[in-house]
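As structure tokens, the structure follows; a few thoughts come after it.
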Amino acid sequence: MTRRRVATAAVLAFLVIAIYPFARDWQIRQQWFQIQSQQLSAIDKLRDYPPNAANPNAWDNVITTTYNVWGNVTYHPSYSNISNAEMRSLKQKLDEVVANTSRKNSPASVDQVYGLLLSLDFKTEFVAGYHDEFKQYLEGLEHRIEVN
5 MTRRRVATAA VLAFLVIAIY PFARDWQIRQ QWFQIQSQQL SAIDKLRDYP PNAANPNAWD
65 NVITTTYNVW GNVTYHPSYS NISNAEMRSL KQKLDEVVAN TSRKNSPASV DQVYGLLLSL
125 DFKTEFVAGY HDEFKQYLEG LEHRIEVN
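If you count the sequence shown from 1, you need to add 4 to reach the working numbering.
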């Protein structure tokens with residue numbers, strides 16, 4: 005081999021070694037965002053189960069708020085410090101919540117979603133504020149059921 009070929013091979017090897025960590029990190033982040041997208045889709049499915057006494061528009065707002073709170077907490081892997089394994093675990097739990105949801109228990113399902121967020125022990129004051137608003141909505145919903 006000539007010196008030029010050896011130098012070219014050395015430079016290429018150096019570039020591959022230098023770029024690999026960035027490529028691997030990019031791949032891990034892409035997986036993370038794919039899992040997050042699946043989580044948000046699971047939450048969005050709760051929209052299909054408004055409680056019988058609920059105003060459909062109000063229920064839509066409840067799910068939109070829950071969706072947005074989840075998205076804010078899981079905004080970015082470096083922001084939330086949630087690993088891919090934790091994200092997969094959360095997705096599995098969300099899938100279980102949605103699979104067991106009906107019109108009768110949909111408020112409890114949304115409450116479970118907030119419970120999952122609170123279990124992360126990240127941005128708990130932020131999540132707790134929206135969880136409290138959701139509880140107030142439920143109190144009003146229960147009052148409507150009693151009146152009817």
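By construction, the Cβ of each residue, glycine as well, lies at the ideal position given by its N, Cα and C atoms.
### Simplified DSSP assignment, three categories, for TYR79
The count along the sequence shown starts at 1 and reaches residue 79 at position 75. In this structure, TYR79 counts as coil in the three-state DSSP scheme.
### Exposed unless 16 or more other CB atoms sit within 10 angstroms - verdict on THR68
By one-based count along the sequence shown, residue 68 stands at place 64. Classification of THR68: exposed, given that the 10 Å Cβ count is below 16.
### Task
For the alpha helix (DSSP H) containing TYR118, list its first residue and its last residue.
Against the sequence shown, residue 118 aligns to sequence position 114. It spans 110-123 - the alpha helix (DSSP H) in which TYR118 sits, taken as one unbroken run.
### Query
Is the segment 89-102 in contact with the segment 25-42, if contact means three or more CB pairs nearer than 8 Å?
yes
### Query
Under the three-state reduction of DSSP, which class applies to ALA58: helix, strand or coil?
Here residue 58 corresponds to residue number 54 of the sequence shown, with the count starting at 1. Coil, per DSSP.
### Task
Would you grab the beta carbon distance between ARG107 and ASN56 for me? Rounded to a whole angstrom, and I think it's under 8 Å.
Sequence index remark: in the sequence shown, residue 107 carries index 103 (1-based). Sequence index remark: in the sequence shown, residue 56 carries index 52 (1-based). Sure, about 6 Å apart at Cβ, within 8 Å.
### Query
Is the distance from the Cβ of THR78 to the Cβ of SER87 below 8 Å?
Here residue 78 corresponds to residue number 74 of the sequence shown, with the count starting at 1. Here residue 87 corresponds to residue number 83 of the sequence shown, with the count starting at 1. No, these two residues do not count as a Cβ contact at 8 Å.
### Query
Is the distance from the Cβ of ILE47 to the Cβ of TYR71 below 8 Å?
Position 43 of the sequence shown holds residue 47. Position 67 of the sequence shown holds residue 71. Their beta carbons are under 8 Å apart, which means ILE47 touches TYR71 by this criterion.
### Message
Quick check: what's the CA-CA separation for LEU121 versus TRP30?
### Response
For the purposes of this step, residue 121 is identified with residue 117 of the sequence shown, where counting begins at 1. For the purposes of this step, residue 30 is identified with residue 26 of the sequence shown, where counting begins at 1. Roughly 25 Å separates the two Cα atoms.
### Message
Taking a contact to mean a Cβ-Cβ separation below 8 Å, would you say TYR141 touches VAL66 in this structure?
### Response
If you number the sequence shown from 1, residue 141 lands on position 137. If you number the sequence shown from 1, residue 66 lands on position 62. Contact flag set, yes.
### Message
I need the DSSP call for TYR141, collapsed to helix, strand or coil.
### Response
Here residue 141 refers to the residue found at position 137 when the sequence shown is read from its first residue. Here TYR141 sits in helix by DSSP.
### Query
For ASN104, which of helix, strand or coil comes out of DSSP?
For the purposes of this step, residue 104 is taken as the residue at position 100 of the sequence shown. Three-state result, ASN104: coil.
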